[in-house]
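Chains Z and C, in that order, are what the protein sequence lines are. So in our numbering, spot 209 of the first sequence is number 209, and the numbers just go up one at a time. So in our numbering, spot 98 of the second sequence is number 339, and the numbers just go up one at a time. C-beta atoms are modelled at their ideal positions from N, C-alpha and C, and glycine is treated no differently.
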Amino acid sequence: MSTTAVSPIDEVKSTPWSGGRSPFNVEYGKMMMWFFLLSDAFTFSSLLISYGALRFSAAAWPDASLVFQSVPGLIEHGAPLVFVGIMTFILILSSVTMVLAVEAGHRNAKKEVIWWMIATVIGGFMFLGCQALEWNHLHSEGFWWSSIPNAETLKEFFRNGVSYHDQALSAHQFANLFFTITGFHGFHVFTGVLINIIITVNVLLGTYEKRGSYLMIEKVGLYWHFVDLVWVFVFTFFYLV
Amino acid sequence: MSTETTEVHAEHGEHDGMSKKRIIKVALILSAITCVEFIIALFLVPKGIIPGNVANPIYIVLTLFKAFYIVAYFMHLKFERMSLIFAIIVPILFIIGLILVLTNESHHWIDLRL
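This is how it looks when you write it as structure tokens:
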């Protein structure tokens, strides 16, 4: 640029990998959210993989279409997957409203951001409500951490005849894994809803309008989508497979 | 200097790439995949059209498709810089390693119980 001779060593470095600027080109908080989610992905993976390993090595496993076949308050028997289907669609829809909030944030449209965030929070509460009903239903059947239904009820959850000893063993594992993994996921949904509420209040107060950017919506959006992503896997491995 | 400003502009253009139309398209794809999973689980497997051990890999592939659409479009990773994409995706390979090790191990556990 200037005509004075600068030796190559003294030139200011500006390329991404030489220290001039971040090679990731994302804001600090957003990058940290990504790395937090990566570590969270490891936690969920180890839970789900140990579930898989225990299930692979079991003589029999409670059949999902026999354990989960009621819609609490409406249908007692014979509706496998219907209730969890509703839960899945609620979570996908709340993920969609979250991206719409992010999209509105890019346009600095405060009103739209507020409405989409409120929709996302409502979706989160609906999912938590369904989760509570699902837990309550399983609990009323006798499942809980390290507790299983009596032998008579337990027999109905298995398709192929195996000994009571094998049934009790895998039912214990099933109960512990189900409540631990869906509980850990539910806790993530709960904190996600809390964070979403805080961010919505901040939008209402005009914090991000003053800041000039709605990047914060994007960051909590990442967390919320991750919760949806985990549910996709929990749904497949607990209810379908 | 001029190359840097154009680069920023190009990236900004990609940020706007997640339009409402595209969001709805991805949402429809996710719903459609979920519906396919339900059709398999509620009709095709109980009627014996697809055996259970064939259905399971299908579920897993469909789940991975859903995961791709959520991470790439909803979480916007597809539009980030390549270095961030690799920083997130490459560590996931360790998870595949754990899956391989523990599925192998679980087959050994069966023998221990017999």
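Separation of residue j from residue i, as counted between CA atoms
{"i": "D352(C)", "j": "A59(Z)", "result": "11 Å"}
{"i": "H348(C)", "j": "E103(Z)", "result": "47 Å"}
{"i": "V26(Z)", "j": "G183(Z)", "result": "32 Å"}
{"i": "F127(Z)", "j": "E134(Z)", "result": "10 Å"}
{"i": "S140(Z)", "j": "T344(C)", "result": "33 Å"}
{"i": "S46(Z)", "j": "L339(C)", "result": "8 Å"}
{"i": "H106(Z)", "j": "L240(Z)", "result": "37 Å"}
{"i": "S213(Z)", "j": "L334(C)", "result": "35 Å"}
{"i": "A53(Z)", "j": "G161(Z)", "result": "22 Å"}
{"i": "V267(C)", "j": "I118(Z)", "result": "21 Å"}
{"i": "I301(C)", "j": "V232(Z)", "result": "10 Å"}
{"i": "I114(Z)", "j": "T200(Z)", "result": "6 Å"}
{"i": "I336(C)", "j": "I181(Z)", "result": "17 Å"}
{"i": "G20(Z)", "j": "F89(Z)", "result": "45 Å"}
{"i": "F235(Z)", "j": "A273(C)", "result": "15 Å"}
{"i": "L318(C)", "j": "F309(C)", "result": "10 Å"}
{"i": "F323(Z)", "j": "Q131(Z)", "result": "Because residue 323(Z) is not part of the residues shown, which for chain Z are 1 to 241, the question remains open."}
{"i": "A40(Z)", "j": "A5(Z)", "result": "Note that residue 40(Z) is Asp in the sequence shown here, rather than Ala. For D40(Z) and A5(Z), the distance between alpha carbons rounds to 51 Å."}
{"i": "M316(C)", "j": "A328(C)", "result": "15 Å"}
{"i": "S260(C)", "j": "L269(C)", "result": "14 Å"}
{"i": "G186(Z)", "j": "L48(Z)", "result": "15 Å"}
Environment of residue i [buried if 16+ CB atoms lie within 10 Å]
{"i": "D228(Z)", "result": "buried"}
{"i": "C276(C)", "result": "exposed"}
{"i": "Y51(Z)", "result": "buried"}
{"i": "W34(Z)", "result": "buried"}
{"i": "G293(C)", "result": "exposed"}
{"i": "H165(Z)", "result": "exposed"}
{"i": "A282(C)", "result": "buried"}
{"i": "I92(Z)", "result": "buried"}
{"i": "L171(Z)", "result": "Note that residue 171(Z) is Ala in the sequence shown, not Leu. By the neighbour-count rule (16 or more Cβ atoms within 10 Å), A171(Z) is buried."}
{"i": "Y255(Z)", "result": "Not covered by the structure: residue 255(Z). The range shown for chain Z is 1 to 241."}
{"i": "S14(Z)", "result": "exposed"}
{"i": "W17(Z)", "result": "exposed"}
{"i": "S57(Z)", "result": "buried"}
{"i": "V331(C)", "result": "exposed"}
{"i": "L205(Z)", "result": "exposed"}
{"i": "G129(Z)", "result": "exposed"}
{"i": "E321(C)", "result": "buried"}
{"i": "I264(C)", "result": "buried"}
Close beta carbons around residue i, own chain, < 7 Å, minus the five adjacent residues each side
{"i": "G142(Z)", "result": "I148, P149, N150 and T153"}
{"i": "Q69(Z)", "result": "H77, G78, A79 and P80"}
{"i": "N176(Z)", "result": "W145 and S146"}
{"i": "E245(C)", "result": "Confidence is the limiting factor: at E245(C) the pLDDT is only 40, short of 50, which leaves the residue's position unreliable and the question unanswerable from this model."}
{"i": "F174(Z)", "result": "W61 and P62"}
Closer than 8 Å at the beta carbon, the chain Z residues around residue i
{"i": "P292(C)", "result": "The contacting residues do not exist; P292(C) stays about 13 Å from chain Z at best."}
{"i": "I336(C)", "result": "A41, F42, S45 and I49"}
{"i": "I311(C)", "result": "S95, H225, D228, L229 and V232"}
{"i": "F279(C)", "result": "L81 and G85"}
{"i": "K217(C)", "result": "Outside the shown range of chain C (242 to 355) lies residue 217(C), about which nothing can therefore be said."}
Nonlocal neighbours in the same chain, by C-beta distance under 6 Å from residue i, ignoring five residues either side
{"i": "T120(Z)", "result": "S94, T97, M98 and N196"}
{"i": "L100(Z)", "result": "W116"}
{"i": "R55(Z)", "result": "W61"}
{"i": "T207(Z)", "result": "none"}
{"i": "W224(Z)", "result": "M98 and G192"}
Interface partners of residue i on chain Z, CB under 7 Å
{"i": "F315(C)", "result": "S95, V99 and H225"}
{"i": "A282(C)", "result": "L81 and L240"}
{"i": "L285(C)", "result": "Here the premise fails: no neighbours, minimum Cβ distance about 12 Å."}
Proximal residues of chain Z, C-beta to C-beta of residue i below 9 Å
{"i": "A268(C)", "result": "I92, L93, S95, V96 and V99"}
{"i": "A308(C)", "result": "L229, V232 and F233"}
{"i": "A273(C)", "result": "In chain order: nothing, as chain Z lies at least about 11 Å away."}
Same chain only: Cβ atoms within 8 Å of residue i, ignoring 5 sequence neighbours per side
{"i": "K30(Z)", "result": "L215, E218, K219 and L222"}
{"i": "D63(Z)", "result": "F157, F158 and R159"}
{"i": "N136(Z)", "result": "P72"}
Chain-ordered neighbours of residue i on chain C, where CB pairs are closer than 8 Å
{"i": "G52(Z)", "result": "I340, L343, T344 and S347"}
{"i": "T182(Z)", "result": "Correct list: empty, because the minimum Cβ distance to chain C is about 16 Å."}
{"i": "E103(Z)", "result": "M259, S260, K261 and I264"}
Within chain C, partners of residue i - CB distance below 9 Å
{"i": "L38(Z)", "result": "A328, I329, P332 and I333"}
Exercise for the section: List in chain order: all unbroken alpha helix (DSSP H) runs of 4+ residues lying wholly within the segment 7-86 of chain Z. Expected result: With a minimum length of 4 residues, the unbroken runs of alpha helix (DSSP H) contained wholly in the segment 7-86 of chain Z fall at 28-56 and 64-67.
Exercise for the section: Would you mind listing the alpha helix (DSSP H) stretches within the segment 175-237 of chain Z that are 4+ residues and don't spill past its ends, in chain order? Expected result: Entirely contained in the segment 175-237 of chain Z, the alpha helix (DSSP H) runs reaching 4 residues are, in chain order, 207-211 and 215-235.
Practice task
Run through the segment 104-153 of chain Z for me and flag every whole alpha helix (DSSP H) of 4 or more residues, listed as ranges in chain order.
Solution key: If you keep only unbroken alpha helix (DSSP H) runs of at least 4 residues inside the segment 104-153 of chain Z, you get 110-141.
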